[in-house]
Amino acid sequence: MKELDIFPLELHRAGLSMGGKRVLKDIDCQIGARPQKTFVIGPNGAGKSLFLKLCHGLLQAEEGTVHWGGVAGKDARLAQAMVFQRPVMLRRSALGNIDYALRLRGIARAERRDRTEALLKRTGLGHLAKVSARALSFGEQQRLALARALAFTPLVLFLDEPTASLDPAAAHLVEDIIEEAAVDGTKVIMSSHDLGQAQRMADEVIFLHRGRIKEFRIASDFFAAPKNDLARDFLEGKPLWWRRRSIYRNGGAK
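Its first residue numbered 50, the sequence shown is counted upward by one per residue in my numbering.
Okay, here's the thing in structure tokens:
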């Protein structure tokens with residue numbers, strides 16, 4: 050899949066509503082293949098998960114456009130993978146979860162075996178190959194979900210807070226897999242509520258607040274001196290909910 054070029058991802062005034070409420074509003078951004086890791090951060094309810102699903106095509110924009118610059122349609126979708134905070138495990142072994150996904154793509158048996166064994170070893174699950182995926186610990190399941198997603202060597206890997214429910218040791222193992230995938234050339238677009246993690250891993254940051262992008266910058270610049278006042282307060286740990294009324298009465302935050 051790496052020979053295909055689908056970048057940049059361009060969103061122009063993209064919007065989304067749910068239950069009659071606008072949850073993503075006037076999203077304008079362009080995400081390229083580089084830098085390698087784009088983190089989406091913001092307070093609870095900012096729209097981080099919805100933004101990822103919109104980019105990935107699981108949700109359709111009700112206004113504006115979402116466009117992959119290189120190719121469109123099926124080719125763009127096949128070049129992407131997504132891992133959720135709580136991944137779904139098939140009623141199969143760890144090995145069977147990866148093998149089945151590869152079989153759906155029409156991969157021959159011998160190649161499926163080689164890829165599956167390599168991925169289980171790469172994610173530290175080789176000794177659990179024959180264990181039921183649903184009997185694995187949550188951290189092991191998350192690593193298996195990553196292995197399954199990486200089986201197709203996607204150009205883009207969307208990650209929705211993949212370490213949110215993990216202890217530090219399990220989170221570190223997942224982070225290592227993500228870093229290795231990025232080094233291997235996969236573009237990572239990841240939401241996170243963990244600012245320490247974002248500072249360690251992100252190359253660039255999208256800061257969302259109430260469904261709008263308030264800042265999109267190189268990570269080192271963003272964390273050193275955010276330009277947006279909401280982003281600055283967020284990094285300082287100040288609650289943002291109390292500013293809601295004055296923000297919208299005055300026409301929006303800077």
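Using N, Cα and C, we set each Cβ at its ideal position, and we do this for glycine too.
Inter-residue spacing [alpha-carbon to alpha-carbon] between residue i and residue j
i: D75; j: S142; result: 43 Å
i: A274; j: D216; result: 30 Å
i: L195; j: V132; result: 7 Å
i: N93; j: L289; result: 10 Å
i: K86; j: R135; result: 21 Å
i: Q190; j: G64; result: 33 Å
i: K97; j: S269; result: 20 Å
i: L107; j: G286; result: 32 Å
i: K102; j: M239; result: 11 Å
i: S43; j: A198; result: In the structure as shown, the chain starts at 50 and stops at 303, and residue 43 therefore has no counterpart that could be examined.
i: R164; j: Y149; result: 12 Å
Residue i classed as buried or exposed, judged by whether at least 16 other C-beta atoms fall within 10 angstroms
i: I267; result: exposed
i: S186; result: exposed
i: V232; result: exposed
i: Q109; result: exposed
i: T114; result: exposed
i: E111; result: exposed
i: L153; result: exposed
i: D209; result: buried
i: H105; result: buried
i: D278; result: exposed
Nearest residue (CA-CA) to residue i, options the options
i: H116; options: D225, L60, Q248; result: L60
i: Q129; options: F56, A219, K276; result: F56
i: L127; options: F207, F271, I227; result: F207
i: L99; options: G81, L73, G91; result: L73
i: V223; options: M250, T202, S66; result: M250
Residues sharing a beta bridge with residue i, DSSP
i: H306; result: Because the chain is modelled from 50 through 303, residue 306 falls outside the range shown and cannot be assessed.
i: D209; result: S240
i: E253; result: T87, I267
i: S181; result: S142
i: R261; result: H258
Contact test: residue i Cβ vs the ligand PLP heavy atom, cutoff 7 Å
i: G155; result: Of the ligands one can find in the structure shown there are none, so the ligand PLP has no counterpart to examine.
Within 8 Å, strictly: CB atoms of residue i and residue j
i: L204; j: T235; result: yes
i: L169; j: A178; result: yes
i: R259; j: A159; result: no
i: F272; j: Q246; result: no
i: R161; j: L151; result: yes
i: P84; j: E228; result: no
i: C78; j: I226; result: no
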